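The next block holds one structure in the form of structure tokens; read it before the comments.
There are 2 protein chains.
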Amino acid sequence: MKVNDTQLTPLLFLERSAQVYPDKVAFVDSNRRVTYAELADHTIRLARALLATGLEPGDRVAYLAPNTLEMLVAHFAVPLAGGVLVAINTRLSPDEILYIVDHSGARYLLADTDLHPSIVPVVEKFGALDEIFTVPAPASADLIGGTSYPDLLDRGSGEPLPWRVDDEQSPISINYTSGTTGRPKGVLYTHRGAYLNSLSEIIHSSHSPDTVYLWTLPMFHCNGWCTTWAITAIGGRHVGLRAVDPVAIWRLIGAEGVTHFNAAPTVLITLANHADARPFDPPVIVTTAGAPPSPTIIAQMEALNARVVHVYGLTETYGPHTVCEWQVDWQNEAAPDRAILMARQGVAFIGVDPIRVVDDNMVDVPTDGSTMGEVVMRGNNVMEGYFDDPDATEHAFRGGWFHSGDVAVWHPDGYIELRDRSKDIIISGGENISTIEVEQTVMSHPAVLEAAVVAIPHEKWGERPKAFVVLKPGAEVRPEEIIAHVKAKIARFKAPDAVEIVDQLPKTSTGKIQKYVLREREWSTHERRIH
Amino acid sequence: MKVNDTQLTPLLFLERSAQVYPDKVAFVDSNRRVTYAELADHTIRLARALLATGLEPGDRVAYLAPNTLEMLVAHFAVPLAGGVLVAINTRLSPDEILYIVDHSGARYLLADTDLHPSIVPVVEKFGALDEIFTVPAPASADLIGGTSYPDLLDRGSGEPLPWRVDDEQSPISINYTSGTTGRPKGVLYTHRGAYLNSLSEIIHSSHSPDTVYLWTLPMFHCNGWCTTWAITAIGGRHVGLRAVDPVAIWRLIGAEGVTHFNAAPTVLITLANHADARPFDPPVIVTTAGAPPSPTIIAQMEALNARVVHVYGLTETYGPHTVCEWQVDWQNEAAPDRAILMARQGVAFIGVDPIRVVDDNMVDVPTDGSTMGEVVMRGNNVMEGYFDDPDATEHAFRGGWFHSGDVAVWHPDGYIELRDRSKDIIISGGENISTIEVEQTVMSHPAVLEAAVVAIPHEKWGERPKAFVVLKPGAEVRPEEIIAHVKAKIARFKAPDAVEIVDQLPKTSTGKIQKYVLREREWSTHERRIH
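Protein chains in written order, with the numbering used here: chain A, 15 to 545; chain B, 15 to 545.
Rendered as structure tokens:
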């Protein structure tokens, strides 16, 4: 081992915090208070257990769990054992989960027993898995089966493993997108990228050893935007949360002395408008992303004594990649104007290369605040690539930059402002919904001839899908029946809120559906085309 | 260029801050206010000028300058041109400077005209140099000769250069140690090490874009402990200072709204006991290193509304490597006890491997707070090696760890506490006596301002401690009283045999006490320096 070239890995973070803060509370939820020494011990035991079970270097380990202690431990134990973590969105449909488990080639699945019962029959079908382990939730019976988590841990031991990797460019996790075109893609994160992005998170969200971090953001989203690793690095306290429940959030903010949380704007809207809302005391730092926050919610959060750090990124960039960095002279702006400035997506993180907005020929668009172009990114927190998908990787990296698929304008001060998602994606409550996927499901109804799905504005969720449907000749079906059909097939949250039956869809001369025409109609009373 | 593997270099920091904060003041001194856009432009012009002059990749560029704008610019311009910065301690003798210029193989020297005139004849002898450039100081005539800095800049242009390096492991600077044993050695820093250490500095000293950093620490020391790069990274404001003058420091702290500075404990002693001393408003964060601060000065600084961040490291570790990380339960300690805890050197930085204290066989000493051993280090901010000195490098890295040469005890909580440089330790009748422990006990006497303890020869015991003491203004105390004070506080055998009251202690340019000067005097009649 070289004296001066330690390979970067988030494992170093837990090693350090367990040594520096052994008796400090690392994780707390309604049942447990776990110190950093205990967190490290739990991590070692699980890593040892996975190795005893047969885990080989690079093997994928899938997780289905809310923001529990076990999900946090997985972020260290799986890589400590040499494995690659695949944390799956628990709100996906059983078929989608099955696809991800199969595509990632996971050998093991660890699942929280509090999952929706519809998962059960699918879990039983997971032929490719070597073994399933179930993590008991406090208030649920085990409907899944498999080996229990305590039995798994019993296979391990407390014998230390080196908190080191041989190659910082090796994979640490795969995070599946809900891709715009069909199937989800597996985004590969490296130890180096996760390490560096964690340090950037600490700096931009002003974390310190006094941080008390509430887990409003799912850990299965970009590994919690790397906050799983960042809070552990700084020796802060994780506050677990099984579900985004505003009553519980407001209670925990007071009871645990929360100083920081991350959340999509839709969660902020829910919190700020809740009956329990009250000024934060002490003030909190709220890092928000997932959709552009409206100036209204930024101003509302500030009035509640929160400092809003607005960041933007994608699964492909380990979560946040830009930050709307504060400028001193914004102090002089009136609150509403300041909120408009703060609603921009901003500039590149300290740890990444400068961001660009380019035209179709990869030429920078003018920084005039009105010309639209695509946001492209480069740097150490751009993904290694899509797992087992070299074509998609090559396409995403064309021209030597990662193509976000997001359309933005570039302001004269270098700040970017998103104007539209790449044509199809719908962001509903922080979750991506692929319109193509919904369309295909709608079209699987026997009465449907053609369908187009677009985002429509929604007060609470930001955006919701609406389907425009052309029926087969002579067919008759009510909109509610189509919605029910979709809900039976894919995740319920992806089903359209509304179905409008039309005689025909607007099309180009070559027969391509002109979705923007439908969108324009639905958004005509809004100034922007995302919400 | 890879999409996701940008080589780490501090050059990225200035690129970003010039884009994000173009109009923000980056550097200020009594004559100039320079924005980040101007800092980047100046940097590009100098890099272009050096290239036009003939600089080849890897060429060394030597600097002799106090904490000026030009010295800061050099930290970016020299590496931007592909060169390696050699910032030389301006207070060295002409012969020492000549040795460093020759040993580093520098092709160019840039020197501030405010240097001591004795430098001039030596500079004229620099046969190996291709060219000398002089940077005009505000109030000094140019006694050095050579090409003027403005003329040098005229050779360049504002045409951008890529803020990138091909290999993050390539050298960025060489910092010469002030070897008390023989010739100075050139410590090689890499772009990767400087980048990562800068991020650690930001985190541990709590820097933010609001930082106003006063340059009390020389930039020629470990590149200002990498703070040259760190403050630029976060977009803070550098406040230049040509000399450590307490009147100027107290004035600037108020006038510039200083939030942070770094200084050796002896500088803190000077500031805290100065007539202009007053509570910091707003509070400041003072990062201190260079020698173990006494609990007395820590308590004094805290009383002045400073938060003291106590770090420890060596030139070979890019400056700071450990930090005395605060523990929550220290709040409950009385101020003097808390200061004792805070005077320990602590635990490894967030960006480096855990520190160890080992015996001669590289076995960890017990963490009992009393067994002494050598501090050894590993991680990304251990030097690449000594320039052009493979033997010294191999010796320093024996056993796969960097050997600090510092003797410490290891407390049960994992914190280290320095007891001596290995060469300073006193061996009296077979017992080790830590001069640091004796000094801190002497300084706890209310009449004492500063103290240094060295070994003196003793017929029976081999060595015994002797204290050199500077009293506070107006204070009067007899040596016997000080000896009695020490005997009442620590083991009697550790009390000095003699106390000599002196007007001042011999110090290096950074305020480190030169114990070897005191030792030389005491041992001048002996052939060896141990007994």
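Note that CB positions come from ideal geometry on N, CA and C, so glycine has one too. Owing to the predicted nature of the structure, the values given are computational and were not obtained by experimental measurement.
Per the coordinates, the alpha-carbon of His472 of chain A lies some 12 Å from the alpha-carbon of Ala512 of chain A. Taking a beta-carbon distance threshold of 8 Å, Met356 of chain B does not count as an interface residue toward chain A. Not flagged as an interface residue toward chain B: Glu347 of chain A, since no C-beta distance is shorter than 8 Å.
Among the residues of chain A, those whose CB is under 9 Å from the CB of Ser222 of chain B are Ile217, Ser220, following chain order. Around the beta-carbon of Phe27 of chain B, 16 or more other beta-carbon atoms lie within 10 Å, marking it buried. With three or more CB-CB distances shorter than 8 Å, the stretch 401 to 416 of chain A counts as touching the stretch 15 to 30 of chain B. In the three-state DSSP reduction, Lys486 of chain A falls in the coil class, being neither helix nor strand. For Ala208 of chain A, no CB of chain B lies under 8 Å from its own CB, so it is not counted at the interface with that chain. Here Trp177 of chain A is not bridged, per DSSP, to any residue.
The three-state secondary structure of Ile158 of chain A, taken from DSSP, is coil. By the Cβ neighbour-count rule, Glu388 of chain A is buried, with 16 or more other Cβ atoms within 10 Å of its own.
A distance below 8 Å between beta-carbons, with the five flanking residues on each side excluded, links Thr57 of chain A to the following residues of its chain, in chain order: Leu28, Val87, Phe90, Ala91, Leu94. DSSP places Ser187 of chain B in the strand class (E or B) of the three-state scheme. Per DSSP, the continuous beta strand (DSSP E) segment holding Trp424 of chain A begins and ends at 416 to 424.
Per DSSP, reduced to three states, the secondary structure at Ala303 of chain B is coil, with no helix or strand assignment. Restricting attention to alpha helix (DSSP H) runs no shorter than 4 residues, the stretch 191 to 270 of chain B encloses them at 205 to 218, 236 to 239, 241 to 248, 260 to 269, ordered along the chain.
When 8 Å is used as the limit between beta carbons, Pro368 of chain B is near these residues of chain A: Glu29, Arg30, Gln33, in chain order. DSSP assignment within the stretch 454 to 529 of chain A yields the following whole alpha helix (DSSP H) runs of 4 residues or more, N-terminal first: 493 to 503. In this structure the stretch 218 to 236 of chain B touches the stretch 264 to 284 of chain B; the number of beta carbon pairs closer than 8 Å is three or more.
For Leu78 of chain B, the enclosing beta strand (DSSP E) starts and ends at 74 to 78. With respect to the C-alpha of Asn211 of chain B, the residue from B:Arg30, B:Gly333, B:Arg62 having the closest C-alpha is B:Gly333.
Here Thr280 of chain B carries a helix assignment [DSSP, helix/strand/coil]. Residue state for Glu316 of chain A is assigned as helix, using DSSP reduced to three classes. Residue B:Leu124 holds the alpha-carbon nearest to the alpha-carbon of Pro164 of chain B among B:Val137, B:Trp424, B:Leu124, B:Ala489. Under DSSP, Tyr122 of chain B forms a beta bridge with B:Val75, B:Glu145. Around the Cβ of Glu451 of chain B, a 10 Å sphere holds 16 or more other Cβ atoms; the residue is buried. Distance from the Cα of Arg251 of chain A is smallest, within the candidate group A:Glu270, A:Leu532, A:Cys240, for A:Glu270.
The Cβ of Thr20 of chain A sits closer than 8 Å to at least one Cβ of chain B. By the C-beta density criterion, Gln345 of chain A is exposed, having fewer than 16 other C-beta atoms within 10 angstroms. Within chain A, no C-beta atom comes nearer than 8 Å to that of Gly119 of chain B; the closest sits roughly 22 Å away. In the assembly as shown, Asn237 of chain B is a buried residue. Its beta-carbon has 16 or more other beta-carbons within 10 Å.
Per the C-alpha coordinates, the member of A:His324, A:Ala142, A:Ala466 positioned closest to Leu432 of chain A is A:His324.
In the three-state scheme derived from DSSP, where H, G and I count as helix and E and B as strand, Arg62 of chain B is classed as helix. Residue-level contact by beta carbon holds for Trp340 of chain B and chain A, with a gap shorter than 8 Å. The C-beta of Ile364 of chain B comes closer than 8 Å to at least one C-beta of chain A.
At a cut-off of 8 Å between beta-carbon atoms, Val372 of chain B makes no contact with chain A.
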